[in-house]
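Peer 1:
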Amino acid sequence: MIAAITMASPALADVPSTYVIPDRDLDFGVMAVFGSGNRTITPFGGVTDSGIMPASGDNPTPAHFSVGYDRGNEGNKSIDVIFLVTFGVVPPVTQGGVTGIVSNLTSDLPGALTITAGHTVQISINNCRVRQCGVSFNVGGRLDVTSLYGGADLSTPVPVSVTVVSVI
Numbered sequence: 028m029i030a031a032i033t034m035a036s037p038a039l040a041d042v043p044s045t046y047v048i049p050d051r052d053l054d055f056g057v058m059a060v061f062g063s064g065n066r067t068i069t070p071f072g073g074v075t076d077s078g079i080m081p082a083s084g085d086n087p088t089p090a091h092f093s094v095g096y097d098r099g100n101e102g103n104k105s106i107d108v109i110f111l112v113t114f115g116v117v118p119p120v121t122q123g124g125v126t127g128i129v130s131n132l133t134s135d136l137p138g139a140l141t142i143t144a145g146h147t148v149q150i151s152i153n154n155c156r157v158r159q160c161g162v163s164f165n166v167g168g169r170l171d172v173t174s175l176y177g178g179a180d181l182s183t184p185v186p187v188s189v190t191v192v193s194v195i
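Sequence positions in the sequence shown follow our numbering and run 28 to 195.
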């Protein structure tokens, strides 16, 4: 008779972390441009055009993000999390003969209606009792376009990072 002895391995701890999920890019949609123009998308999805003609399949939408804190396997006691969301520089977009510069970013975050590159917003999540606690928000902006010819379907990522300030 041969006996096998196995020893239980200690469980690996899941360490706390932050997350940023870019659920959707800032999508300025499909447009025809003759010379120059601009399109503004609000964080709530409103669209204003000047010098731009919407083209077939046009569906402009604000960027959408989910950000938060994953407490790992620290249990389910109530915690309060304070973290900073920082916005980066949005790169220019080009497709075919159309070039666009993004400016005047706006969000639906309280205290951050207007966003500039490097802008940091403090967010608090109180009484978190689940493993992942987070918030979602939208970002809109203005696209100034110039066209050598034709139209384009333009979208761009909006750089966002998250840093935890405190967990109490």
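A virtual CB, placed ideally from N, CA and C, is assigned to each residue, including glycine.
These numbers were taken from a predicted model, which means no experiment stands behind them.
Alpha carbon to alpha carbon, how far is aspartate 76 from alanine 139?
Peer 2: Here residue 76 corresponds to residue number 49 of the sequence shown, with the count starting at 1. Here residue 139 corresponds to residue number 112 of the sequence shown, with the count starting at 1. Spanning the two alpha carbons is a distance of roughly 24 Å.
Peer 1: Which term fits isoleucine 68, buried or exposed, when burial requires 16 or more other beta carbons within 10 angstroms of its beta carbon?
Peer 2: Residue mapping note: residue 68 aligns to position 41 of the sequence shown, counting from 1. Counting Cβ neighbours within 10 Å, isoleucine 68 comes out buried, since at least 16 surround it.
Peer 1: Comparing C-alpha positions only, which one of Gly62, Asn86 and Gly64 sits nearest to aspartate 180?
Peer 2: Here residue 180 is taken as the residue at index 153 of the sequence shown, counted from 1. The option with the nearest alpha carbon to aspartate 180 is Asn86.
Peer 1: Do the CB positions of phenylalanine 71 and valine 94 come within less than 9 Å of each other?
Peer 2: On the sequence shown, residue 71 is found 44 positions in, with the first residue counted as 1. On the sequence shown, residue 94 is found 67 positions in, with the first residue counted as 1. No, they are not a contact pair.
Peer 1: What number of angstroms, rounded off, separates the C-alpha of aspartate 52 from the C-alpha of phenylalanine 114?
Peer 2: To locate residue 52, count along the sequence shown from 1; it is residue 25. To locate residue 114, count along the sequence shown from 1; it is residue 87. Taking the straight line joining both Cα atoms gives about 14 Å.
Peer 1: Classify methionine 34 as helix, strand or coil using the three-state DSSP reduction.
Peer 2: The residue labelled residue 34 in the question sits at position 7 within the sequence shown. Any answer about methionine 34 is weak, because its pLDDT of 45 lies below 50 and its placement is not dependable; what the coordinates show is given next. Here methionine 34 sits in coil by DSSP.
Peer 1: By how many angstroms is the C-alpha of valine 112 removed from the C-alpha of phenylalanine 61?
Peer 2: In the sequence shown, residue 61 corresponds to position 34, counting from 1. In the sequence shown, residue 112 corresponds to position 85, counting from 1. Straight-line Cα distance between these residues: approximately 37 Å.
Peer 1: Rounded to whole angstroms, how far is the Cβ of glycine 177 from the Cβ of glycine 127, which I believe are closer than 8 Å?
Peer 2: To locate residue 177, count along the sequence shown from 1; it is residue 150. To locate residue 127, count along the sequence shown from 1; it is residue 100. Going by Cβ atoms, the distance from glycine 177 to glycine 127 rounds to 13 Å, so no, they are not a contact pair.
Peer 1: Should threonine 141 and leucine 132 be called a contact, given that it needs their Cβ atoms to be closer than 9 Å?
Peer 2: Start at 1 with the first residue of the sequence shown, and residue 141 comes out as number 114. Start at 1 with the first residue of the sequence shown, and residue 132 comes out as number 105. Against a cut-off of 9 Å, the Cβ pair of leucine 132 and threonine 141 comes out as a contact.
Peer 1: Quick check on the DSSP output: the beta strand (DSSP E) that includes glycine 167 runs from which residue to which?
Peer 2: Stepping through the sequence shown from its first residue, residue 167 is reached at position 140. From DSSP, the beta strand (DSSP E) with glycine 167 extends over 159-174.
Peer 1: At the level of alpha carbons, what is the spacing between tyrosine 46 and serine 174?
Peer 2: Locating residue 46 in the sequence shown gives position 19, counting from the first residue. Locating residue 174 in the sequence shown gives position 147, counting from the first residue. Each residue's Cα considered, the two are about 37 Å apart.
Peer 1: Which term fits asparagine 156, buried or exposed, when burial requires 16 or more other beta carbons within 10 angstroms of its beta carbon?
Peer 2: Against the sequence shown, residue 156 aligns to sequence position 129. Before going on, a small fix: residue 156 reads as arginine here, not asparagine. It is exposed - the Cβ of arginine 156 has fewer than 16 other Cβ atoms within 10 Å.
Peer 1: I need the straight-line Cα distance from serine 163 to valine 74, nearest angstrom please.
Peer 2: Position 136 of the sequence shown holds residue 163. Position 47 of the sequence shown holds residue 74. Answer to the nearest angstrom: the Cα atoms are 21 Å apart.
Peer 1: When the Cα atoms are used, what is the spatial distance from glutamate 101 to valine 116?
Peer 2: Locating residue 101 in the sequence shown gives position 74, counting from the first residue. Locating residue 116 in the sequence shown gives position 89, counting from the first residue. Answer to the nearest angstrom: the Cα atoms are 35 Å apart.
Peer 1: My parser needs the beta strand (DSSP E) runs of 3 or more residues fully inside the stretch 43-113; what are they?
Peer 2: Runs of the beta strand (DSSP E) inside the stretch 43-113: 44-51, 53-68, 74-81 and 90-97.
Peer 1: CB valine 57 to CB glycine 78, shorter than 9 Å?
Peer 2: Position 30 of the sequence shown, counted from the start, is the residue given in the question as residue 57. Position 51 of the sequence shown, counted from the start, is the residue given in the question as residue 78. Cβ distance not < 9 Å, so valine 57 and glycine 78 don't count as in contact.
Peer 1: Taking the C-alpha atoms as reference points, what is the distance between threonine 183 and isoleucine 48?
Peer 2: If you number the sequence shown from 1, residue 183 lands on position 156. If you number the sequence shown from 1, residue 48 lands on position 21. Answer to the nearest angstrom: the Cα atoms are 15 Å apart.
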